[in-house]
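Undergrad: Numbering (the numbering used here), first residue to last: 1198 to 1384.
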């Protein structure tokens, strides 16, 4: 799902605390505003991607090229942004396990023009998870498969700003269990 308000003079997106935006697992949420974006509610794309950006994309050209003091991407203290991994397995009528265990997804919040402000109490999560799959031991490939808990990796979270910012969110990119990798945080 995508929401765009591209005008550098009037392009404003506002998500109040009472509004949740969620997509199915592996989905994508894209939010773009030319002037200002305020996120106060919940954004959720399990194992997917959430991308929010304000201003002109570098190299894209723009109708406005100056500094605007009110331009920026603001995330309020109660906002929650989640691309946590998800156990997407199920049992068929014969009892076999199907599906996969998805890793944490990708979050990117970019203030290409203006400020990036992530308020204290805002939460960004790209955690891995775990699920049960049928697997053979690596050292005995001829053995019968058995049910095993399989962890997934944590995802990635990236914050960038051209004109500055204030960052005080809670960020979690932890792995879904032993043997999986933690995710990454890039600022």
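No residue lacks a Cβ here, since even glycine has one placed at the ideal position from N, Cα and C.
Which residue's Cα is closest to the Cα of residue 1254: 1237, 1236 and 1232?
TA: Of 1237, 1236 and 1232, the residue nearest in Cα terms is 1232.
Undergrad: On the three-pair Cβ rule with 8 Å, is the region 1276-1290 touching the region 1239-1255?
TA: Counting Cβ pairs under 8 Å, three or more are found: they touch.
Undergrad: Using a Cβ-Cβ cut-off of 7 Å (strictly less than) and excluding sequence neighbours within five positions of residue 1368, which residues of its own chain qualify?
TA: 1321, 1354 and 1382, listed in sequence order.
Undergrad: Starting from residue 1319, trace the beta strand (DSSP E) both ways and give me its first and last residue.
TA: Residue 1319 -> no beta strand (DSSP E), and no H or E assigned at all.
Undergrad: I'd like to check one pair, residue 1270 with residue 1198: are the Cβ atoms closer than 9 Å?
TA: No, Cβ-Cβ distance for residue 1198 and residue 1270 is not below 9 Å.
Undergrad: In terms of residues, what are the limits of the beta strand (DSSP E) holding residue 1232?
TA: Per DSSP, residue 1232 belongs to no beta strand (DSSP E) and is neither H nor E.
Undergrad: Write down every uninterrupted run of the beta strand (DSSP E) in the region 1266-1346 whose length is 3 residues or greater and which is fully enclosed by it, in chain order.
TA: If we require 3 residues or more, the beta strand (DSSP E) runs fully inside the region 1266-1346 come out as 1269-1272, 1277-1279, 1283-1288, 1294-1299, 1303-1308, 1312-1315, 1320-1322 and 1327-1332.
Undergrad: DSSP three-state label for residue 1253, please.
TA: DSSP places residue 1253 in coil when its eight states are reduced to three.
Undergrad: Whose C-beta lies closer than 7 Å to the C-beta of residue 1379 among residues of the same chain, with five residues either side of it excluded?
TA: So the qualifying residues of the chain are 1351, 1370, 1371 and 1372.
Undergrad: Note down the Cα distance separating residue 1208 from residue 1305, rounded to an integer number of angstroms.
TA: Going from the Cα of residue 1208 to the Cα of residue 1305 covers about 19 Å.
Undergrad: Give the straight-line distance between the Cα atoms of residue 1341 and residue 1333, rounded to the nearest whole angstrom.
TA: Distance between the alpha carbons of residue 1341 and residue 1333: 6 Å.
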